[in-house]
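Trainee: Please read through the structure below; I'll follow up with questions.
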Amino acid sequence: MQKTRQLVLAIGLGIAFVWSAAFAPNAANAFSPQVIQKGATGDDVVELQARLQYIGFYRGKIDGVFGWQTYWALRNFQQRYGLKVDGLAGADTKKKLVSVTRYDKKFVMDNIRKGNRFTYYGGVPLQRQTSESYRGQPSKAGAPGGKGGQPAANTAKKTNYNHLPAGFSQSDINLMANAVYGEARGEPYIGQVAVAAVILNRIQSPLFPDTVAGVIFQPGAFTAVQDGQIWLTPNQQAKQAVLDALNGWDPTNGALYYFNPDKATSAWIWSRPQVGKIGKHIFTK
Amino acid sequence: MVRNVIIAVLAIALIVTGYWGYREHRDKNAVLQHAENNYQQAYHDLTYYIDKIHDHLGTVLATGSNGTGANDLTEIWRLSALARGDIGQLPLTLLPFNKTAELLSNIGNFSYQASVKNGKQPLKPEDYKQLESLYKQSGTVEKSLRDVQQVIMDHHLRWMDVEMALASQKQPADNQVIDGLRAVDQKVGNFENDWDPAVTRTQLNEWDALKNLTGRPISKKDAQSIVRRFLNIQNGKYVAEPLGKGSGFPAYTVTVREDRYGNTAVATVARKGGHVVWFVKYRDIKDRRISLYRASNAAGAFLNRHGFKNMALIKSDQYDNVGVFTFARKIGDVWDYPASIRMKVALDNGEVLAFDDRGYLAHQSDASLPLKPAITAEAAKKGMNQTIAVQEQHLAIIENDLGNPVLCYEFIGTKGSDTYRVLVNAADGRQEKVELMTA
Chain A
20 MQKTRQLVLA
30 IGLGIAFVWS
40 AAFAPNAANA
50 FSPQVIQKGA
60 TGDDVVELQA
70 RLQYIGFYRG
80 KIDGVFGWQT
90 YWALRNFQQR
100 YGLKVDGLAG
110 ADTKKKLVSV
120 TRYDKKFVMD
130 NIRKGNRFTY
140 YGGVPLQRQT
150 SESYRGQPSK
160 AGAPGGKGGQ
170 PAANTAKKTN
180 YNHLPAGFSQ
190 SDINLMANAV
200 YGEARGEPYI
210 GQVAVAAVIL
220 NRIQSPLFPD
230 TVAGVIFQPG
240 AFTAVQDGQI
250 WLTPNQQAKQ
260 AVLDALNGWD
270 PTNGALYYFN
280 PDKATSAWIW
290 SRPQVGKIGK
300 HIFTK
Chain B
20 MVRNVIIAVL
30 AIALIVTGYW
40 GYREHRDKNA
50 VLQHAENNYQ
60 QAYHDLTYYI
70 DKIHDHLGTV
80 LATGSNGTGA
90 NDLTEIWRLS
100 ALARGDIGQL
110 PLTLLPFNKT
120 AELLSNIGNF
130 SYQASVKNGK
140 QPLKPEDYKQ
150 LESLYKQSGT
160 VEKSLRDVQQ
170 VIMDHHLRWM
180 DVEMALASQK
190 QPADNQVIDG
200 LRAVDQKVGN
210 FENDWDPAVT
220 RTQLNEWDAL
230 KNLTGRPISK
240 KDAQSIVRRF
250 LNIQNGKYVA
260 EPLGKGSGFP
270 AYTVTVREDR
280 YGNTAVATVA
290 RKGGHVVWFV
300 KYRDIKDRRI
310 SLYRASNAAG
320 AFLNRHGFKN
330 MALIKSDQYD
340 NVGVFTFARK
350 IGDVWDYPAS
360 IRMKVALDNG
370 EVLAFDDRGY
380 LAHQSDASLP
390 LKPAITAEAA
400 KKGMNQTIAV
410 QEQHLAIIEN
420 DLGNPVLCYE
430 FIGTKGSDTY
440 RVLVNAADGR
450 QEKVELMTA
């Protein structure tokens with residue numbers, strides 16, 4: 020393990036050396052001046068991962084999300100090159116990284132936009148490192164946009180990096196955004212965060228099911244589920260509200276129920292201890 | 020002639036409409052029947068599971084937790100989860116059925132603690148007392164649910180009607196199912212529940228812990244000026260309202276409207292001591308101008324400015340153009356994880372857009388824990404899976420499964436491409452938690 024790694028490193032370094040000698044000015048279009056820290060997303064993270072992979076420190080997926088694997092790779096790099104080991108890609112680290120690696124921005128970003136499976140190890144021809152050639156279907160490469168691929172992602176100018184709060188999947192977030200939009204699309208932002216927070220509080224509570232879907236589809240729990248409004252397409256604001264709730268904000272101060280006082284006449288719901296009113300909804304425990 | 024044609028056409032139209040109507044009716048009934056059958060199954064399953072839980076509780080009482088008793092407890096744990104799943108499928112959200120759901124949850128937690136966590140240790144006398152009580156309670160619930168089941172079967176009652184009755188505007192007073200279930204819940208509620216607080220604990224209890232805050236009580240006016248200082252919004256309209264009884268702790272909600280920009284910020288301020296518990300400000304966020312790193316520095320500076328000293332950044336995440344940061348209090352070199360503060364910072368100008376320190380406020384007392392580990396880090400490491408390569412380690416306070424703060428050695432290590440967090444109790448070397456770090 021250690022041996023192969025060193026071998027890869029040595030080969031990588033050797034090739035990097037040859038390359039950097041041949042293309043010396045390539046450092047010009049490297050990293051933006053920001054310090055990159057764990058948890059960050061974006062093009063700089065892609066470059067960081069690609070460069071670390073180039074010399075064999077990073078073996079994960081180049082996805083533009085600075086997670087644990089990137090963190091350890093960066094620290095190992097810093098240690099190997101005698102830099103301060105802090106897990107931050109600051110000026111010195113980036114300079115060193117740029118000087119010992121080569122970054123083919125077009126190749127990497129194209130693959131990310133197309134959603135290809137690819138790697139970026141130094142010393143291996145690039146054509147052999149993307150999923151298009153993995154699949155071995157030269158006919159597809161001829162058709163731009165690739166029918167089997169992701170045509171929509173190609174057109175988007177900004178690349179989106181999928182970064183999720185721990186413990187929740189993209190579909191959980193989408194489902195919650197649907198529920199929030201169906202239930203509270205006319206409400207102020209804080210009211211939408213509140214509805215999302217109630218869903219999360221119910222998951223926490225022993226009185227309710229323990230999953231996002233279990234809580235949302237509990238019979239009679241949400242009117243938007245009963246009348247099908249949950250299947251409207253949510254807007255960006257609803258998604259943002261869900262993300263805020265998932266990250267721990269709870270404008271309801273721990274409420275489990277809410278109702279619209281103009282519509283709800285169930286005596287039981289009125290008898291619950293109230294916390295407060297946000298927008299049109301009264302929140303209760 | 021014309022008349023006959025018209026009659027014929029109308030007759031055909033009538034027949035077609037009638038057939039169409041019949042089909043619609045049939046389809047609708049099929050859908051309703053399907054829903055009804057689902058409800059029926061859920062209810063019958065529920066009663067069956069509670070029967071079984073009752074039986075197994077009885078068996079455990081006779082055998083103790085080691086040996087066959089442990090198997091029964093594990094089975095109870097499994098059955099209670101299934102029973103709770105069935106409750107979740109019934110249209111009971113607006114019905115007072117809370118106590119029963121809570122009972123099931125307690126049975127599940129108890130059996131988990133007693134069997135899985137305790138391992139081979141025999142049950143303690145107080146556990147027996149609790150078992151005894153659970154046995155009695157589940158017996159009552161079992162019988163009452165069976166009674167309701169009998170009524171449903173005898174009178175061909177439908178759950179669809181229950182759903183309609185609950186959804187309708189009128190008081191659902193004369194529905195036998197509803198009345199029956201309400202009675203079940205009342206019976207459970209009549210038991211004196213002397214739960215170990217740990218059994219019923221959830222993270223929601225952090226809100227309740229806020230009632231233990233101390234300090235001089237503040238007025239509405241004070242709440243407004245506290246929020247004004249905190250958010251630094253000078254030209255805003257401030258409105259403060261006291262929170263209702265349900266909040267569990269006395270507090271004000273302060274709303275700030277910045278009409279000039281159309282922004283709104285909302286904050287909750289505890290009445291005792293005037294602590295800001297959380298705030299959220301909403302505005303459009305422009306394109307990213309600053310890095311996550313600079314934003315985390317801005318968040319740290321904000322904390323410093325408002326008197327939160329010795330906070331360590333433990334987690335940072337970027338979501339498009341906002342950064343979310345978690346800070347934990349440091350007591351000496353111990354990281355007090357439950358005493359945490361979360362912040363959201365806009366990456367266009369570094370403004371703090373949201374703040375939440377309820378963990379920090381609720382865990383003030385952690386500082387009085389004994390913070391001297393009884394065993395060395397090397398000894399703690401021995402009990403770990405040796406294939407995990409430890410990369411970082413420090414002392415940390417965490418909340419264990421019972422909701423108690425415990426001093427642990429925290430080891431962050433890697434195995435293959437995965438990163439793990441292993442928490443080993445610093446007093447006795449027991450592994451409290453092992454987590455796979457996904458983000």
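Chains A and B, in that order, give the protein sequences.
When you read off a place in the first sequence, starting at 1, and then add 19, the result is the number in our numbering.
When you read off a place in the second sequence, starting at 1, and then add 19, the result is the number in our numbering.
Idealized CB from N, CA, C, for every residue including glycine.
Only a predicted model underlies this, so the values are computations on that prediction, with no experimental measurement involved.
Whose C-alpha, out of B:S310, B:Y68, B:K264, is nearest the C-alpha of A:G295?
Mentor: In the first sequence, the residue the question calls residue 295 of chain A occupies position 276. Here the closest residue by C-alpha is B:K264.
Trainee: Using the three-state DSSP reduction, which class does B:Y10 fall into: helix, strand or coil?
Mentor: Shown here, chain B extends from 20 to 458; a query on residue 10 of chain B therefore has no answer.
Trainee: Is it right to say A:W250 is buried, meaning 16 or more other beta carbons lie within 10 angstroms of its own, or is it exposed?
Mentor: Taking the first sequence and counting its residues from 1, the one referred to as residue 250 of chain A is at position 231. With fewer than 16 other Cβ atoms within 10 Å, it is exposed.
Trainee: Looking at the unbroken alpha helix (DSSP H) that takes in B:N231, where does it start and where does it end?
Mentor: Residue numbering aside, residue 231 of chain B sits at position 212 when the second sequence is read from its first letter. B:N231 -> no alpha helix (DSSP H), and no H or E assigned at all.
Trainee: Can you tell me whether A:S158 is buried or exposed? The criterion is at least 16 other CB atoms within 10 Å of its CB, across all chains shown.
Mentor: One-based indexing of the first sequence puts residue 158 of chain A at position 139. Note that A:S158 scores a pLDDT of 36, beneath 50, so its modelled location is shaky and nothing firm can be said.
Trainee: In this structure, how does DSSP classify B:K363 when only helix, strand and coil are distinguished?
Mentor: Position 344 of the second sequence, counting from 1, holds the residue named residue 363 of chain B. Three-state DSSP puts B:K363 in a strand.
Trainee: For the alpha helix (DSSP H) that B:V258 lies in, which residues bound it at each end?
Mentor: Position 239 of the second sequence, counted from the start, is the residue given in the question as residue 258 of chain B. B:V258 -> not in any alpha helix (DSSP H); beta strand (DSSP E) instead, spanning 256-261.
Trainee: My assumption, with CB atoms under 8 Å, is that B:A317 sits in contact with B:G369. Please give the rounded CB distance.
Mentor: As a first step, residue 317 of chain B is located in the second sequence; it is residue number 298 there, counting from the start. As a first step, residue 369 of chain B is located in the second sequence; it is residue number 350 there, counting from the start. Contact holds; Cβ gap of about 4 Å.
Trainee: State buried or exposed for B:Y41, treating a residue as buried only when at least 16 other CB atoms are found within 10 Å of its CB.
Mentor: In the second sequence, counting from the first residue as 1, residue 41 of chain B sits at position 22. Exposed, because fewer than 16 other Cβ atoms sit within 10 Å of the Cβ of B:Y41.
Trainee: Is any non-hydrogen atom of the ligand COA found closer than 7 Å to the C-beta of B:E94, if you look at the structure I gave you?
Mentor: For the ligand COA, the structure offers nothing, since it holds no ligand at all.
Trainee: For chain A, is any of its Cβ atoms less than 8 Å away from the one on B:A217?
Mentor: For the purposes of this step, residue 217 of chain B is taken as residue 198 along the second sequence, with counting starting at 1. Because B:A217 carries a pLDDT of 41, less than 50, the predicted location of this residue cannot be relied on, and the following value inherits that uncertainty. Output row for B:A217: interface = no.
Trainee: If you pair each beta-carbon of the stretch 351-361 of chain B with each one of the stretch 76-94 of chain A, do three or more pairs fall below 8 Å?
Mentor: Between the stretch 351-361 of chain B and the stretch 76-94 of chain A there are fewer than three C-beta pairs closer than 8 Å, too few to call the two in contact.
Trainee: For A:G161 and A:P144, I'd like the C-alpha separation in whole angstroms.
Mentor: The residue given as residue 161 of chain A occupies position 142 in the first sequence. The residue given as residue 144 of chain A occupies position 125 in the first sequence. Model confidence at A:G161 stands at a pLDDT of 35, short of 50, so the residue's coordinates are unreliable; what they give is reported in the following sentence. The straight-line gap from Cα to Cα measures roughly 20 Å.
Trainee: Taking DSSP as the reference, what is the three-state secondary structure of B:N444?
Mentor: Stepping through the second sequence from its first residue, residue 444 of chain B is reached at position 425. Reduced to three states, the DSSP call for B:N444 is strand.
Trainee: Just how far apart, CA to CA, sit B:A396 and B:Q132?
Mentor: In the second sequence, residue 396 of chain B corresponds to position 377, counting from 1. In the second sequence, residue 132 of chain B corresponds to position 113, counting from 1. Roughly 27 Å separates the two Cα atoms.
Trainee: Quick one: what does DSSP say B:L372 is sitting in, helix, strand or coil?
Mentor: As a first step, residue 372 of chain B is located in the second sequence; it is residue number 353 there, counting from the start. DSSP places B:L372 in strand when its eight states are reduced to three.
Trainee: Counting only beta-carbon separations shorter than 8 Å, does B:L442 have a partner in chain A?
Mentor: Stepping through the second sequence from its first residue, residue 442 of chain B is reached at position 423. No - not a single Cβ of chain A is within 8 Å of the one on B:L442.
Trainee: Establish whether the CB of A:H300 and some CB of chain B are separated by less than 8 Å.
Mentor: Within the first sequence, the letter at position 281 stands for residue 300 of chain A. Not one chain B Cβ lies under 8 Å of A:H300.
Trainee: With which residues is B:F298 paired in a DSSP beta bridge?
Mentor: Taking the second sequence and counting its residues from 1, the one referred to as residue 298 of chain B is at position 279. Answer is B:A286, B:F374, bridged to B:F298.
Trainee: What number of angstroms, rounded off, separates the C-alpha of B:P110 from the C-alpha of B:A54?
Mentor: Position 91 of the second sequence, counted from the start, is the residue given in the question as residue 110 of chain B. Position 35 of the second sequence, counted from the start, is the residue given in the question as residue 54 of chain B. Computed Cα separation, rounded: 11 Å.
Trainee: Please report the straight-line C-alpha distance between B:R510 and A:R204, rounded to a whole angstrom.
Mentor: What is shown of chain B runs 20 to 458, which leaves residue 510 of chain B out entirely.
Trainee: Taking Cβ-Cβ distances below 8 Å as the criterion, which residues of the stretch 305-322 of chain B are in contact with chain C?
Mentor: No chain C appears in the structure shown, which is made up of the protein chains A and B.
Trainee: How would you label B:A61, buried or exposed, when you count the other beta carbons within 10 angstroms and need 16 or more for buried?
Mentor: As a first step, residue 61 of chain B is located in the second sequence; it is residue number 42 there, counting from the start. Counting Cβ neighbours within 10 Å, B:A61 comes out buried, since at least 16 surround it.
Trainee: Between which two residues does the alpha helix (DSSP H) containing B:I171 stretch?
Mentor: Position 152 of the second sequence, counted from the first residue, corresponds to residue 171 of chain B. It spans 144-174 - the alpha helix (DSSP H) in which B:I171 sits, taken as one unbroken run.
Trainee: Give the straight-line distance between the Cα atoms of A:N197 and A:V234, rounded to the nearest whole angstrom.
Mentor: What you label residue 197 of chain A is simply residue 178 of the first sequence in a count that begins at 1. What you label residue 234 of chain A is simply residue 215 of the first sequence in a count that begins at 1. Computed Cα separation, rounded: 13 Å.
Trainee: Could you name the residues that DSSP lists as bridge partners for A:I297?
Mentor: Against the first sequence, residue 297 of chain A aligns to sequence position 278. For A:I297, which the question treats as bridged, DSSP gives the partners A:H300.
Trainee: Taking the alpha carbon of A:F126 as the reference point, which residue from A:A69, A:D105, A:W91 has its own alpha carbon closest?
Mentor: Here residue 126 of chain A refers to the residue found at position 107 when the first sequence is read from its first residue. For the residues A:A69, A:D105, A:W91, the minimum Cα distance to A:F126 belongs to A:A69.
Trainee: Exposed or buried, which one is B:S130 when buried takes at least 16 other CB atoms within 10 Å?
Mentor: In the second sequence, counting from the first residue as 1, residue 130 of chain B sits at position 111. Note on B:S130: 16 or more other CB atoms within 10 angstroms of its CB, so buried under the neighbour-count rule.
Trainee: Considering only residues of the same chain and omitting the five flanking positions on each side of A:V231, which have a CB-CB separation below 8 Å?
Mentor: Numbered from its first residue, the first sequence carries residue 231 of chain A at position 212. Counting only Cβ-Cβ distances below 8 Å, and skipping sequence neighbours, we find F187, D191, L194, M195, I218, I222.
Trainee: Can you tell me whether B:Q337 is buried or exposed? The criterion is at least 16 other CB atoms within 10 Å of its CB, across all chains shown.
Mentor: Numbered from its first residue, the second sequence carries residue 337 of chain B at position 318. Under this definition B:Q337 is a buried residue.
Trainee: Taking DSSP as the reference, what is the three-state secondary structure of B:G281?
Mentor: By 1-based counting over the second sequence, the position of residue 281 of chain B is 262. Coil at B:G281, not helix or strand.
Trainee: Just to confirm my understanding: we take B:E411, look at its own chain, exclude 5 residues before and 5 after, and list those with CB closer than 7 Å. What are they?
Mentor: Counted from its first residue, the second sequence places residue 411 of chain B at position 392. The residues are I431.
Trainee: Alpha carbon to alpha carbon, what distance is there between A:Y100 and A:H182?
Mentor: By one-based count along the first sequence, residue 182 of chain A stands at place 163. By one-based count along the first sequence, residue 100 of chain A stands at place 81. Each residue's alpha carbon lies about 30 Å from the other.
Trainee: Just to confirm before moving on: does the CB-CB distance between B:L51 and B:M179 stay below 8 Å?
Mentor: The residue given as residue 51 of chain B occupies position 32 in the second sequence. The residue given as residue 179 of chain B occupies position 160 in the second sequence. Cβ distance < 8 Å, so B:L51 and B:M179 count as in contact.
Trainee: Would you call A:R147 buried or exposed, if buried means 16 or more other Cβ atoms sit within 10 Å of its Cβ?
Mentor: As a working note, residue 147 of chain A is residue 128 in the first sequence. Answer is exposed; the Cβ neighbour count stays below 16.
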